[in-house]
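Below is one structure, written out as structure tokens; the observations come after it.
Chains as they are written, first to last, in full-length UniProt numbering: chain A, 1 to 481; chain B, 1 to 481; chain C, 1 to 481.
Structural data, given as structure tokens:
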């Protein structure tokens, strides 16, 4: 009993919502316009945009599942030494780094430029002049002009979740040796978005290449999928830009158009050596320290110093661990405070071959599940008891589990690895089998009468799974006495 | 003057919203899709589902009033010794117990099973074996297997309001001697519901009987009323269920289908003697103690120990009392803290014959009014000054008062008793006549010029009702001097 | 650097959202139904309602911009000694006083009538009777009947923003010598409104004059603009009103209809001399004191004593000041706490000739901009890089800047003065040029690769505007070294 209470408390703190005092702080979200979910499908991206430095794949936002969940999904692949151009989105974004590593800039208006570097010109200049000459205020000014200050740059690598607020400019640079693959979900139905639920992206540079074939594809695709990426600057008059930045008009023109149509991911000319990169090890150390020392209360952090990144592969932070069945790692607003404001969270699971994810439903959120490795048989059931989804899902595929719909997963022979994005900052699941299930919570009398079984059978139903919860090991155990 | 300030303070605390610091904690709710309210009607349930153990009546969710308010309404009648099968809803539910008494289970994932009982088998076993033999850990294990643990069971009786969160499994059992009648409103437009506004129910057992006549009826009813109650289990494959629960496949089949089609309310085989019931007297005592001792702050309560029940008949907790006109009992988030999270509240009124409920509008919520006894003439006026409702309402009928619409009620000769469910956890009304009315708040000069009356007439308009507020006694008083 | 940090902090506190701990208190707002914004337009009112004492002009609520922003806009002109009749709206209102001054009553149910005056009759009576005769309780009662008590009356004048909660009755009286002109935006998509997004007004007196021409005009206008102002009282039966107020039926009839059809603004018979007016000077002094002394924490204020008024012309409270380019005055929830509950804010700008408002987007809100004086060239760009708005705007015109759309303004030769209403209580802008811009926040390497420019050009782009932020002075500065 005591074990159970402790387990319940731990699970409550980690995985479930503290539905008590904190729930009133939960941001709001309106109900979907229409959920036509007679038949759910495994979804793959339908639109591909080839840029100079990589590939952008977009799931069709007009799919019924995505419209019900109010989200859009994108996968970006960046070649080494390529830059995803700066831009922003009208809704918060959760990004999972499937492969590779890189650097992300996330700009906030009003935050100071705390990263200071020296430009190459300054470096070469320093070689020819002795440092003793510096000191006069004019010299100081010139030096400041040539050294570069910029806002914080964040290192990320495979297994990271990145949380990006609505309207915040961000860019990504692949400084690794392999392709960088990032899967992202945009929460269009978020309260931060006061525009409609159409998928939109706002770029500050670049522009989508206008290829013949692709134009045709766009023509036939439905309205909601027709987003065409172009730079915001191209809509302003060049005279106004020149004056706003106090630059010559030929440079202003450079802001506006990119005649080579390199797309939204560009190959970099050199390897961005001027830019200061975070000392990774120290950043991680610091983070771990604040978590363990409970120094992190979400209040003392301002938006300028908040964390946007959480690694989902850290073994010691797994929330559900079963030696027989696998592990689950959750990240919610308690682990990554920015998620409270974005009202989103994520889960990464690594399930062993033939394990079963207990039948359950989500009380709080839609889930967008993206398969990372292996395969599994997934069954989703609606309120009429219909099996609306019963597919084998594989790597690179995505499916949506609507709120309240019951789901269970049986892992294949290779194991199963997935990441799921959830439309709530405080997600809560209700399991149907196992130690923390609703069946276990009910009196035997209720089970006996609900299912017309004997008290003995009802006891088996309640207790046969013993202390297993969420992740159930495969194979029938020995019969109970 | 001082009386008025005190009255204002008391009313503010009890009946009105503390629009100050607490309002920012109010959960959110989006505006209705479309409110076509040229003509409101008295509504009666249009669909009847006969189950083995009782009757379910559903108001047509496609009615304009219900769609504008974003709610659905249901009435369940349970025979004695019958069980409303376990299930949950995609939105919070407020239930009023119109008649009878019973037990409710409300399961929360992660909450401990704090009710411990011994199964019948254990009881009979104990008779044959002496207790001294027990002691070994294997024996202990076996004993634990046979005694039953379950989550808290709540006693409710006539006059209670029950608050049920979205996605939380609940069941009800009529252990009384008379029929149990419960009227429920489901708040589909609540932020807890991320599905669309269609009426849905998710059951863990049972299934709606498929009768011929009823099938036809469903075919002709509009889409939104076509909810068909079936168990979630029937959508999973029986092999998967057998494995998930670690039970033989023939018992798993028992979870799935109910070939006898007993419906969603079943007659119980015995009287659920194994189940532990709460000691009612002590529960009530405890509740009263915490209220008076102000020990209840909504923070120290976790979701596992929170109260879900409030009795609306307790005379000493009435909020508005008039010797001539009747009494009104309100329950909002201050009295029942769970209502803060559900963003719902309720009011029960017991008005004397010929009393008048002052003309007023709600500043915060739609109201769904259900008539319990007697009759009254109700007038509702829209923003164009049109009388959109002017009906005599009787027992068992329901009507909707849209937010901001002005309404007044004149009780018939038999008196009038009603319960109304409100789509706000902190409801606030603005009366048009009486001590706390907007007319009284305005300077006489404004009344004189607004209504082209003499200052004397304006004074009569403001002051003739004296200290009466909300509930106005019948019959013209003697003329004022 | 330090300057910048301080500037950043100051700006964060004043103009930007404290996206940290406070954001979770932000009221919610759902996304727009549909934003068809291929082409934005300068909007002028399309419907005119002439009342006895003034003119009401309404912008067509079916305009795409207004539907996307979820707002309605109205301009009222009151003749001297005229009264805008008491009524309320189903959504919060922000009002800007463009010209003149007056008195506003804002009634809250339950708030005490703290303004006490003596009626004229009482005044004349006092002359004939000596005061020494008073003293008996009956006499006291009579005296109380004749003196008038009413709720607080607020003085407002040109340059004020008034914030009016949903459902709160308010009236306005022009006691000045010139016309009173008020521009108002109603936030229909606010969480306070549970009706649909149609424009509605609820009046307690008066009624729109039914002229022939106007009736025809209404017939051709689209549904959403067809609001017809009539008194709520006209929908109740006169018997019921007579009884509710305990007044003779002929006075009750006076509440209901206004056969002369004076409209919703009436000319007053005398100059409302009976009504107590606030001592203006002391009110202002008090307000300033609480702001400087930081006594104002939003908690100790109850709804009965809260401030609803903020003057936008007070020079010493400007938030952005540039000697070359002008000043901007913001009012958000930190300056006027009631805005936290209304989830609205406002900005007033007074820009010098030829100044530039930096290209920027709003991260949090739609803006409804109303031109007060002068003219400016405004460019608005959408996510496809299309110039959706490129017009010269003039006095009395209105335009909408959708959330996330980039906008820049170039002031004409006469200067430019505007007020803009924002659909967020904590608005945040992201500038594209200047000291706090996203361009400045990015490393030079990112700019070099994004825009294919030399490091030298990227430095010019980042630093040429020096310390200027938001408001940019006109004319090219001397070239940088």
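Think of the CB as a built atom: it goes at the ideal place given N, C-alpha and C, for glycine as much as any other residue. All of these numbers come straight from a predicted model, not from anything done at the bench.
- [ ] Count the CB pairs spanning the segment 148 to 156 of chain C and the segment 45 to 61 of chain C that are closer than 8 Å, and state whether there are at least three.
- [x] No contact exists between the segment 148 to 156 of chain C and the segment 45 to 61 of chain C.
Open item on the list: For the pair the segment 66 to 80 of chain C and the segment 408 to 420 of chain C, tell me if three or more CB-CB distances fall below 8 Å.
Closed with: no
Open item on the list: Please determine whether the Cβ atom of residue 80(B) lies at a distance below 7 Å from any heavy atom of the ligand ATP.
Closed with: The ligand ATP is not part of the structure shown, which contains no ligands of any sort.
Open item on the list: Run through chain A and tell me which residues come within less than 7 Å of residue 404(C), C-beta to C-beta.
Closed with: On the third chain, position 404 is the one that residue 404(C) refers to. Simply 90, 167, 195 and 202.
Open item on the list: Strictly below 9 Å CB to CB, what residues from chain B border residue 275(C)?
Closed with: Translated into positions along the third chain, residue 275(C) becomes position 275. Neighbours of residue 275(C) on chain B, chain order: 443, 444, 445 and 446.
Task: First through last residue of the beta strand (DSSP E) which encompasses residue 241(A) - done: The residue you call residue 241(A) lines up with position 241 of the first chain. Taken as a continuous stretch (DSSP letters only), residue 241(A) belongs to no beta strand (DSSP E), being part of the alpha helix (DSSP H) at 238 to 245.
- [ ] For residue 266(B), return the contacting residues in chain A, with the cut-off set at a CB-CB distance below 8 Å.
- [x] The residue given as residue 266(B) occupies position 266 in the second chain. Per Cβ cutoff of 8 Å: 449 and 450.
Task: beta strand (DSSP E) runs wholly inside the segment 359 to 404 of chain A, at least 3 long, in chain order - done: 367 to 381, 387 to 393 and 398 to 401
- [ ] Compare the C-beta of residue 457(B) against all C-beta atoms of chain A and say whether one is closer than 8 Å.
- [x] Numbered from its first residue, the second chain carries residue 457(B) at position 457. Under the Cβ criterion of 8 Å, residue 457(B) is not counted among the residues facing chain A.
- [ ] Determine the direct distance from the alpha carbon of residue 88(A) to that of residue 304(A), and round the result to whole angstroms.
- [x] Taking the first chain and counting its residues from 1, one reaches residue 304(A) at position 304. Taking the first chain and counting its residues from 1, one reaches residue 88(A) at position 88. Taking the straight line joining both Cα atoms gives about 17 Å.
Open item on the list: Can you give me the C-alpha to C-alpha distance between residue 306(A) and residue 470(C), rounded to a whole angstrom?
Closed with: Residue 306(A) sits at position 306 when you count from the first residue of the first chain. Residue 470(C) sits at position 470 when you count from the first residue of the third chain. Their backbone Cα atoms lie some 25 Å apart in a straight line.
Open item on the list: Helix, strand or coil, according to DSSP, for residue 469(C) in the structure here?
Closed with: The count along the third chain starts at 1 and reaches residue 469(C) at position 469. Residue state, collapsed to three classes: strand.
Task: Whole-angstrom distance between residue 388(B) and residue 482(B), CA atom to CA atom - done: In the structure displayed, chain B extends from 1 to 481; residue 482(B) sits before or after that span and is not available.
Task: Segments assigned alpha helix (DSSP H), at least 4 residues, entirely inside the segment 21 to 93 of chain A - done: Given a length threshold of 4 residues, each whole run of the alpha helix (DSSP H) inside the segment 21 to 93 of chain A is given here in chain order: 64 to 69.
TODO: Please name the residue in 335(A), 181(A) and 53(A) whose C-alpha comes closest to that of residue 425(A).
DONE: Within the first chain, the letter at position 425 stands for residue 425(A). That would be 335(A), whose Cα lies nearest to the Cα of residue 425(A).
- [ ] Using the DSSP secondary-structure output, state which residues sit across from residue 338(B) in a beta bridge.
- [x] As a working note, residue 338(B) is residue 338 in the second chain. Paired residues: none, contrary to the question.
Open item on the list: Please report the distance separating the alpha-carbon of residue 434(B) from that of residue 446(B).
Closed with: Position 434 of the second chain, counted from the first residue, corresponds to residue 434(B). Position 446 of the second chain, counted from the first residue, corresponds to residue 446(B). Using only the alpha carbons, I get a separation of about 17 Å.
- [ ] Just mark residue 270(C) as buried or exposed, buried being the case when its beta carbon has 16 or more other beta carbons within 10 Å.
- [x] Counting from 1 along the third chain, the entry for residue 270(C) is found at position 270. Looking at its Cβ environment, which holds fewer than 16 other Cβ atoms inside 10 Å, residue 270(C) is exposed.
- [ ] Grab me the residues of residue 349(A)'s own chain with a C-beta within less than 6 Å of its C-beta, minus the 5 sequence neighbours each way, in chain order.
- [x] Start at 1 with the first residue of the first chain, and residue 349(A) comes out as number 349. Excluding sequence neighbours, residue 349(A) sits near 328 and 418.
Open item on the list: Taking only three categories from DSSP, how would you classify residue 194(B)?
Closed with: Stepping through the second chain from its first residue, residue 194(B) is reached at position 194. Reduced to three states, the DSSP call for residue 194(B) is coil.
TODO: Using alpha carbons as the reference points, say which of 72(B), 333(B) and 267(B) lies closest to residue 206(B).
DONE: For the purposes of this step, residue 206(B) is taken as residue 206 along the second chain, with counting starting at 1. Residue 206(B) has its Cα closest to that of 267(B), out of 72(B), 333(B) and 267(B).
Task: Cut-off 6 Å between Cβ atoms - residues of its own chain near residue 132(C), not counting five sequence neighbours on either side - done: As a first step, residue 132(C) must be located in the third chain, where it is residue number 132. Below a pLDDT of 50, predicted positions are generally treated as unreliable, and residue 132(C), at 42, falls in that range; the measurement from the model is reported next regardless. Sequence-distant partners of residue 132(C) (beyond 5 residues in either direction) whose C-beta falls short of 6 Å from its own C-beta are missing from its chain.
Open item on the list: Going by DSSP in three states, residue 456(A) sits in which element: helix, strand or coil?
Closed with: Sequence index remark: in the first chain, residue 456(A) carries index 456 (1-based). In this structure, residue 456(A) counts as helix in the three-state DSSP scheme.
Open item on the list: Tell me which residue opens and which closes the alpha helix (DSSP H) that residue 451(C) is part of.
Closed with: Indexing the third chain from 1 puts residue 451(C) at position 451. For residue 451(C), the enclosing alpha helix (DSSP H) covers residues 444 to 451.
- [ ] Going by DSSP, name the residue or residues bridged to residue 417(A).
- [x] By 1-based counting over the first chain, the position of residue 417(A) is 417. Residue 417(A) pairs with 350(A) and 373(A).
- [ ] Work out the CA separation of residue 355(A) and residue 468(A) for me, nearest whole Å.
- [x] Counting from 1 along the first chain, the entry for residue 468(A) is found at position 468. Counting from 1 along the first chain, the entry for residue 355(A) is found at position 355. Taking the straight line from one Cα to the other gives about 12 Å.
Open item on the list: Under 7 Å, CB to CB, which of the residues in the segment 226 to 250 of chain B have a partner in chain A?
Closed with: 228, 230, 231, 232, 234, 235, 236, 237, 240, 243, 244, 245, 246 and 247
- [ ] Return yes when the Cβ of residue 402(C) is within less than 8 Å of the Cβ of residue 69(C), no when it is not.
- [x] Walking along the third chain from the start, residue 69(C) turns up at place 69. Walking along the third chain from the start, residue 402(C) turns up at place 402. Yes. Within cutoff.
- [ ] Determine the chain C residues that contact residue 105(A) at a beta-carbon separation under 9 Å, and present them in chain order.
- [x] Position 105 of the first chain holds residue 105(A). The answer, in chain order, is 441, 442, 443 and 446.
TODO: Find the nearest neighbour of residue 162(A) within the set 452(A), 345(A), 382(A) and 437(A), judged by alpha-carbon distance.
DONE: Indexing the first chain from 1 puts residue 162(A) at position 162. Of 452(A), 345(A), 382(A) and 437(A), the residue nearest in Cα terms is 345(A).
Open item on the list: Just list the residues that DSSP pairs residue 149(A) with in beta bridges.
Closed with: On the first chain, residue 149(A) is found 149 positions in, with the first residue counted as 1. Answer is 116(A), bridged to residue 149(A).
- [ ] Could you confirm whether any beta carbon from chain A is found closer than 8 Å to the beta carbon of residue 150(B)?
- [x] Stepping through the second chain from its first residue, residue 150(B) is reached at position 150. Answer yes: the Cβ-Cβ gap between residue 150(B) and chain A drops below 8 Å somewhere.
Open item on the list: Would residue 189(C) pass as an interface residue toward chain B - the criterion being a Cβ-Cβ separation below 8 Å?
Closed with: Along the third chain, read from residue 1 onward, the residue named residue 189(C) stands at position 189. Yes, its Cβ sits closer than 8 Å to a Cβ of chain B.
- [ ] To the nearest angstrom, report how far apart residue 374(C) and residue 245(A) are at their CA atoms.
- [x] As a first step, residue 374(C) must be located in the third chain, where it is residue number 374. As a first step, residue 245(A) must be located in the first chain, where it is residue number 245. Near 24 Å, if we compare the C-alpha coordinates of residue 245(A) and residue 374(C).
TODO: Work out the CA separation of residue 308(B) and residue 485(C) for me, nearest whole Å.
DONE: This structure cannot settle anything about residue 485(C), because the visible part of chain C is limited to 1 through 481.
- [ ] Below 8 Å on the Cβ atoms is my guess for residue 40(B) versus residue 400(B); work out the distance and round it to an integer in Å.
- [x] For the purposes of this step, residue 40(B) is taken as the residue at position 40 of the second chain. For the purposes of this step, residue 400(B) is taken as the residue at position 400 of the second chain. Right, the Cβ-Cβ distance comes to about 6 Å (below 8 Å), so this counts as a contact.
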